[in-house]
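Chains as they are written, first to last, in full-length UniProt numbering: chain A, 1 to 445; chain B, 1 to 445.
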C-alpha cells in the first residue's frame with residue numbers, strides 16, 4: 001500500500017487515446033520549442049479589443065439593469081452569488097440579440113446558457129443520441145469539439161464530405177443517412193458549421209443551405225447548426241442575403257438546433273455559449289416540454305449552472321451594445337477581413353497562377369472568418385510542421401486530424417485571427433519558402 | 001415540413017427518465033405553489049456573507065497579483081479574456097489553500113479547476129469507468145450529483161449502505177466489490193462524502209476513514225472523496241483530529257481522488273470546483289502523465305476551460321484571505337453551527353424522549369454542516385411533502401430519491417443552511433405539528 005498508484009492508460013476511457021489529443025499536444029510542444037516562430041495555428045480572437053476595466057463596467061451595467069427591472073438588492077445578490085436557474089439568467093438578452101442580429105424570433109424559454117458552445121454540443125449529442133444505434137453525421141473536415149464530445153459519450157459519428165463551396169453536399173447527406181439505416185442504425189442528426197467553418201473557412205451559399213435543410217427533412221435528421229463565426233458575415237444592418245442562419249431559414253419547422261458562442265463576439269474568458277432548442281418533446285403521458293428543458297436536466301449533471309458571473313458580465317456587455325453584437329463587432333470584422341485579405345494577397349504574390357500550377361499549390365478564398373486552407377503537393381503532417389517551425393520559423397495546423405475518417409493529408413489550416421498584418425506578411429513569406437523547399441523535397445523523394 | 005418537430009421523450013437519452021429529476025421538478029413546483037412556506041429543502045449557502053462590491057475588489061486583487069508576479073499588461077489581459085490552460089490558472093492558489101487548511105501537500109500540476117465539483121465528478125467518472133464492465137460503488141444514501149453524472153455516462157452504480165456513524169461500512173464495501181467481480185464486472189472506484197454528507201449530514205470518524213481506505217486498497221478500488229463541506233468541520237488552526245480528509249490520511253499512496261468546491265466556502269455563482277488527481281498514468285510506450293492531465297483532455301471535450309472570470313474572482317478571494325478559507329469562514333461556520341443547534345434543540349423540545357419513543361420518531365445529530373435526517377413512522381414521500389406544505393406551511397426533502405437502490409421511504413432531509421434561527425424555530429414547530437398529524441393518520445390508516 002505504500003506505492004503510488006499507477007493507472008495503465010489502457011484502463012482509462014478510450015476517448016483519451018484520441019489521436020487528435022496527441023496532435024494538439026504535439027502542436028503545443030512545437031509552439032513552445034520555437035517561441036520565435038510566427039504562428040498561423042491558433043484560432044483565438046484578436047486581443048486588441050479587450051480591456052480589464054470593461055469587466056467592472058459590464059458587471060455594473062448588468063446589476064443596474066436588474067435593479068431597474070425591480071429586483072431588490074437582496075434579489076440582485078442572489079442572482080449573482082447563488083446557484084441559479086439551470087437554463088441561465090440572461091436568456092432574455094440573448095434572445096433580443098438574436099432578434100436584432102439574426103432576425104431570429106426565439107422564445108427565451110427555448111434557450112439554455114452553456115459553458116461555451118462545447119457544453120451545448122455535449123448536451124445536444126447526449127440528449128439526441130440515446131442508444132448505441134444512434135449515429136451523428138458530421139461534415140468532413142469537421143470541428144474537433146464535436147467529434148471529441150461524441151467520443152467522450154461513446155457515440156458513433158459518420159463523416160459527410162464537405163463540398164468545394166462549403167457544407168456537406170445534400171446528396172452525400174442522403175447517401176450517408178441511407179447507408180447508416182442500411183447498417184441497422186439510426187442517423188439522428190447532422191452537425192454543420194455553415195459560416196466560415198473551422199477548419200475549412202468555407203461558408204454555405206443560400207441554395208446549399210436550403211438544399212441541406214430539405215435533405216435533412218427527407219431523411220428525418222435534425223440539423224445541429226454551430227454558429228461561432230456567423231456574426232462576422234456582414235455589415236451591421238445588412239440583409240442576410242446569401243447567409244441567413246439555418247435556424248432562420250428553417251422558420252418554425254423545428255428541424256434545427258442552433259448553437260451559439262460569445263467567445264468571438266465578446267471574449268473567450270467568459271466561456272459563455274447557448275443552445276436554441278425550441279423543439280417540442282412529448283412525454284408518454286402526453287405532456288410536452290421544450291427540448292431546452294430536457295437539455296437543462298442533462299446540464300444539471302454536467303455543470304449544474306453556467307457561472308452567474310460570466311452571464312452577468314456578458315449580459316452587461318450585451319446591454320452596453322443595445323443587444324446588437326454585429327454593430328459592436330464592426331471593428332473586429334474589419335480587422336479580420338483585412339487580415340484575411342493580406343493573407344490571400346501575399347499567397348497570390350508568392351505563388352502567381354503559373355507558379356502555383358507548376359508546383360501544384362492552391363488555396364481556398366473564404367469570404368471572411370479566421371481560417372483558410374492551403375493545398376500542397378506533399379504530406380503536411382506533424383513532421384512537416386515541425387520542420388517548417390525549425391527551418392522557417394512559421395507554424396500552421398495539419399488538416400488531417402480534422403478528417404474523422406482520414407483525408408486532408410496534403411492540406412494545412414492557416415488562421416489569421418491572432419496575427420497582425422505585418423506578421424501575416426512575414427509569415428506568408430516564410431511559409432512560401434517552406435512550401436517551395438518541401439515541393440523540391442517531395443519531387444526528389 | 002411545415003409542422004414543428006416533436007420528439008418522443010423515449011427517443012431521448014435514458015438519463016432524462018431519471019425519477020430523481022421528476023422529484024426535483026416536483027419539489028420546485030410545490031415550492032412555487034406555497035411561497036409562504038418555510039423551507040428546510042434548499043442546500044444553498046446563507047447569503048448574508050456576499051456583497052456585489054466584493055466581486056470588483058477580488059477581481060482587482062487577482063489582476064494586481066498577476067502584475068506583481070511580473071506579467072505584462074498584455075499578459076494579464078490574455079489571462080482574463082482568452083482561452084486559457086485547460087487545467088486552469090489558479091492551481092497555485094488552490095494548492096496553497098489546501099496546504100493551509102487541510103495540511104495537504106498538492107502539486108499544482110495535479111490540480112484541475114472545474115466548473116463546480118459536478119464537472120469534476122463527470123470527468124473522474126468518465127476517465128475511470130472506461131467500459132460497460134466498470135462499476136462505480138456509491139455510499140447510500142448518496143449525493144444525487146454523482147448518480148446523475150453516472151446515468152448521463154451510462155455507467156452502472158452499486159450502492160453500499162452508509163453505516164449509522166456515517167460513511168460506507170468497510171465490510172459492506174468489500175462485500176459489494178466482491179459481488180461486482182463475481183458478476184463478471186470490475187469495481188473501479190468508491191464515491192464518498194466523508195464530512196457532513198449530503199443528504200445524511202453524517203461525518204466519518206477517524207477509525208472509519210482508515211478502515212475505508214484499507215478496504216479500498218484491498219479491493220483495488222480508487223476512492224473518490226467529495227469534500228464540499230469539510231471546511232466547516234473545525235475552528236481555524238484546530239488540528240484535524242477526528243477528521244483529516246481521506247486524501248490526507250492516504251498520504252502519497254495515490255488511492256484517493258479528491259474533489260473540492262468553492263460553492264460553500266466562497267460562493268456558488270462562480271461555479272468553481274477542482275479535482276486533486278496526482279495518480280500516475282502510464283502510456284503503453286512507458287511515458288507517464290498525471291491523472292490530472294488526462295482529466296484535462298476530457299475537459300477539453302466538456303467545457304474547454306473553466307471561465308477565467310470565475311477563477312480570477314475566486315483567486316482574488318483566496319489572496320484576500322491569505323489562502324486560508326477556514327479562517328475566512330469562521331463566521332459562516334458559527335452561523336451554520338448555531339442554526340443546526342437550534343434545529344436539534346427545537347426537535348428535542350417538540351419531541352421529548354418519551355414522546356418520540358411513543359411516536360416512533362428519531363433524528364441524527366450531525367456535528368455540523370447543512371443537513372440532518374428525521375426518521376418518521378410514515379411514508380415521507382412527495383404526497384406527504386405536499387400535504388405538509390399545504391396544511392402546515394413547511395417544506396422538506398424526501399430522502400428516498402437519494403437511495404439508488406430504494407430505501408429511505410420514511411426519512412426526510414432537513415437543511416438549515418438558508419434559514420434564520422427564528423425561521424428554524426417556527427419551521428420546526430410547523431414540522432412537529434405535521435409529524436404528529438401524519439403519525440395519527442398512519443396509525444389510523
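We put the CB at the ideal spot given by N, CA and C, even for glycine.
Closer than 9 angstroms at the C-beta level to chain A, one finds these residues of the stretch 7 to 23 of chain B: 7, 8, 9, 10, 11, 12, 13, 14, 15, 16, 18, 21. By the CB criterion at 8 angstroms, residue 138 (chain A) and residue 114 (chain A) fall outside the cutoff. With respect to residue 275 (chain B), residue 112 (chain B) sits close: the two C-beta atoms are nearer than 8 angstroms. The stretch 191 to 200 of chain A and the stretch 133 to 147 of chain A touch, with no fewer than 3 CB-CB distances between them shorter than 8 angstroms. Listed along the chain, the chain A residues whose CB falls inside 8 angstroms of the CB of residue 279 (chain B) are 4, 5, 6, 7. Check the Cα spacing between residue 325 (chain B) and each of B:193, B:94, B:308: the tightest is with B:94. Residue 255 (chain B) reaches chain A at 5, counting residues in chain order whose Cβ is nearer than 7 angstroms.
Residue 314 (chain B): member of the alpha helix (DSSP H) spanning 308 to 320, first to last residue.
Within the stretch 107 to 189 of chain A, the complete alpha helix (DSSP H) segments at least 4 residues long are 116 to 128, 144 to 152, 170 to 182, listed from N- to C-terminus. The beta strand (DSSP E) runs of length 3 or more contained entirely in the stretch 76 to 101 of chain B do not exist; there are none. A straight-line Cα-Cα distance of about 25 angstroms links residue 285 (chain B) and residue 379 (chain A). Straight-line spacing of the CA atoms in residue 317 (chain A) and residue 44 (chain B) works out to 28 angstroms. For residue 330 (chain B), the three-state secondary structure derived from DSSP is helix. Annotated as proximal: residue 291 (chain B) and residue 7 (chain A), with beta-carbon spacing under 8 angstroms. Listed along the chain, the chain A residues whose CB falls inside 7 angstroms of the CB of residue 270 (chain B) are 307, 309.
Here the alpha carbons of residue 315 (chain A) and residue 62 (chain A) stand approximately 6 angstroms from one another. Interface criterion not met: the Cβ of residue 75 (chain B) is under 8 angstroms from no Cβ in chain A.
Residue contact check for residue 325 (chain A) against chain B: no CB pair falls below 8 angstroms. Along the stretch 79 to 92 of chain B, the positions whose C-beta sits under 9 angstroms from a C-beta of chain A are 79, 80, 81, 82, 83, 84, read in chain order. The secondary-structure analysis by DSSP pairs residue 261 (chain B) across a beta bridge with B:273.
Inclusion of residue 180 (chain A) and residue 223 (chain A) in the CB contact set at 8 angstroms is not warranted, their separation being larger than that value. Closest option to residue 129 (chain B), judged by alpha-carbon separation, among B:342, B:149, B:89, B:117: B:149.
Among the residues of the stretch 361 to 373 of chain A, none has a Cβ less than 8 angstroms away from any Cβ of chain B. Put simply, the CB of residue 130 (chain B) is near chain A, with a gap under 8 angstroms to one of its CB atoms. When the Cα atoms are used, residue 328 (chain A) and residue 79 (chain A) turn out to be separated by approximately 26 angstroms. Residues of chain A with a Cβ closer than 8 angstroms to the Cβ of residue 294 (chain B) are, in chain order, 9, 12, 16. The stretch 328 to 340 of chain B makes no contact with the stretch 329 to 343 of chain A; the number of CB pairs closer than 8 angstroms stays below 3. Secondary structure of residue 440 (chain A) (DSSP, three-state): helix. For residue 301 (chain B), the neighbours in chain A by C-beta distance under 8 angstroms run, in chain order, 15, 118, 122, 145, 148, 149, 151, 152. Three or more Cβ pairs drawn from the stretch 34 to 54 of chain A and the stretch 390 to 406 of chain A lie within less than 8 angstroms of each other, which places the two stretches in contact.
For residue 15 (chain A), the secondary structure class from DSSP, reduced to helix, strand or coil, is helix. Annotation for residue 52 (chain B): no beta strand (DSSP E) segment contains it, though the alpha helix (DSSP H) segment containing it runs 52 to 68. Annotation: the stretch 377 to 435 of chain A contains the following complete segments of the alpha helix (DSSP H) (minimum length 4 residues), in chain order: 382 to 392. Within chain B, the residues whose beta carbon sits less than 9 angstroms from that of residue 52 (chain A) are 59, 60, 63, 73, 76, 77, 80, 81, listed in sequence order. Proximity of residue 298 (chain B) to chain A, defined by a Cβ-Cβ separation below 8 angstroms, is satisfied. Any Cβ of chain A closer than 8 angstroms to the Cβ of residue 126 (chain B) would place that residue at the interface, and such an atom is present.
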